[in-house]
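Heads up: the sequence shown begins at 1 in our numbering, then just goes up one per residue. Where is the CB? At the ideal position from N, CA and C, for every residue including glycine.
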Amino acid sequence: MSDLLDPRNDFVFKRIFGSEENKDVLLVFLNRTFAESGEQPLTEIVLLNPYTDKDAPLDKQSIFNIWAKRAEGKLINIEMQLFNKYDIEKRTLYYWSKRYSSQLQEGQTYKELKKCVTINILNYSFITNERYHNVFHLREDHTGLELSDDLEVHFMELSKLDDRSVPMAGGLINWLLFLKGADKSNWEVLQMNEPTLKKAMDTLEFLSQDREARRLYEERQKYLHDEASMIEWATEKGIAKGLVEGEKRKAIEIAKNMLSFGIEVSIIAETSGLTVSEVEALKN
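Printed below as a string of structure tokens:
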């Protein structure tokens with residue numbers, strides 16, 4: 001059998017969790033996630049951007065995060081981050097605010113706004129504690145009084161998991177160990193703890209043996225590596241610092257190069273110091 005594809009690759013992740021035929025897999029994963037926050041389990045979800053064969057790994061218009069909503073309208077966004085660790089907290093809030101505000105149509109009141117949940121699965125450490133799953137809300141500093149429940153952000157850090165330990169019970173950690181690439185010798189135990197994981201594992205094995213899926217996976221993996229290298233290079237060059245010192249021309253050239261790689265406009269703006277509108281103008 002071919003080597004297994006890496007389920008942390010966002011293309012593979014969306015094939016496993018973001019397709020209509022695997023919606024039950026996503027539902028269980030979300031319920032294990034929200035159980036750790038003390039929330040009631042979901043009974044149904046609607047995929048807003050299900051995976052289709054038109055999703056191309058090298059097309060910068062292709063979005064491999066997963067958008068879903070609950071029956072009452074609460075929005076859920078799940079994103080896998082392999083390499084791009086720059087300003088993850090600012091990017092999270094930026095995209096959360098865009099999705100939250102985009103709910104309102106002309107003539108609607110603010111009361112129509114529904115809760116938005118963002119779940120970031122990171123392949124690196126970010127939060128300065130030992131917890132692999134951290135959840136953030138809007139609360140008052142001294143009393144913990146909640147201002148609003150509309151903002152909820154999860155960070156799951158795969159790097160904090162011990163690959164050698166095998167859970168003795170069900171729960172989110174079984175899913176995260178699978179995503180991190182748990183050895184197949186441990187799959188049986190993970191399946192016993194979380195039976196729905198078998199379908200996720202079967203999907204991964206199927207994709208790993210499918211020649212076209214492997215080709216698309218390798219294209220996406222190369223794209224992600226190239227994007228990470230370009231961002232790393234631009235950051236090391238101190239483009240943002242150069243902009244402050246008046247070297248805007250250099251920042252523009254770097255932004256153009258990054259655009260040629262198909263890197264997201266918001267990431268280019270953060271890296272170069274240009275505004276989003278300035279980067280958008282360079283595209284034309």
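Cut-off 6 Å between Cβ atoms - residues of its own chain near residue i, not counting five sequence neighbours on either side
i, result
"VAL279", "ALA255, VAL265, ILE268, ALA269"
"ASN49", "TRP67"
"TYR100", "CYS116"
Where residue i falls, given that 16 or more other Cβ within 10 Å makes a residue buried
i, result
"ASP162", "exposed"
"ASP10", "buried"
"THR109", "exposed"
"MET168", "exposed"
"ALA281", "exposed"
"ALA182", "buried"
"ARG164", "exposed"
"ALA71", "exposed"
"GLN105", "exposed"
"ASN129", "exposed"
"ARG249", "exposed"
"GLY107", "exposed"
"VAL276", "exposed"
"THR143", "exposed"
"LYS69", "buried"
Own chain residues within Cβ distance below 7 Å of residue i, not counting five before or after
i, result
"ILE16", "PRO7, ASN22, VAL25, ALA200, THR203, LEU204"
"THR33", "ILE119, HIS154, LEU172"
"PHE213", "Per the sequence presented here, residue 213 reads as Ala, with Phe not at that position. These residues qualify, in order along the chain: LEU207."
"LEU259", "ILE268, LEU282, LYS283"
"TRP312", "Lying before the first or after the last residue shown, residue 312 is absent from the chain, which here runs from 1 to 284."
Identity of the residue in the options nearest residue i by Cα
i, options, result
"ILE252", "LYS98, LYS283, PRO195", "LYS283"
"TYR86", "SER125, TRP187, ARG249", "SER125"
"ASN123", "GLN81, ASN186, GLU130", "GLN81"
"GLU20", "LYS90, PRO41, ASP53, GLN103", "ASP53"
"LEU177", "THR143, ILE263, PHE29", "PHE29"
"ILE78", "GLU152, HIS142, THR143, LEU145", "GLU152"
"TRP233", "SER272, LYS111, TYR51", "SER272"
"PHE13", "PRO195, TRP187, SER185, TYR217", "TYR217"
Whole-angstrom C-beta distance between residue j and residue i, which should lie under 8 Å
i, j, result
"LEU138", "LEU147", "4 Å"
"ASP149", "LEU113", "Not quite, the Cβ-Cβ distance comes to about 11 Å (not below 8 Å), so this is no contact."
"SER37", "VAL166", "With a Cβ gap of about 24 Å, SER37 and VAL166 do not count as contacting."
"GLY18", "LEU47", "7 Å"
"LEU75", "LEU207", "Incorrect: roughly 27 Å between the Cβ atoms, too far for contact."
Residues of its chain near residue i, where Cβ-Cβ distance is below 8 Å and the 5 sequence neighbours each way are ignored
i, result
"ILE263", "LYS60, GLU227, MET230, ILE231"
- Which ranges does the alpha helix (DSSP H) cover as unbroken runs of at least 4 residues, wholly within the segment 192-238, from first to last along the chain? 197-209, 211-236
- Task: Could you pull out every unbroken beta strand (DSSP E) segment of at least 3 residues lying fully inside the segment 89-134, listed in chain order?
- Result: 116-122
- Completely contained alpha helix (DSSP H) runs for the segment 10-67, where each covers 4 or more residues: 10-17, 23-35
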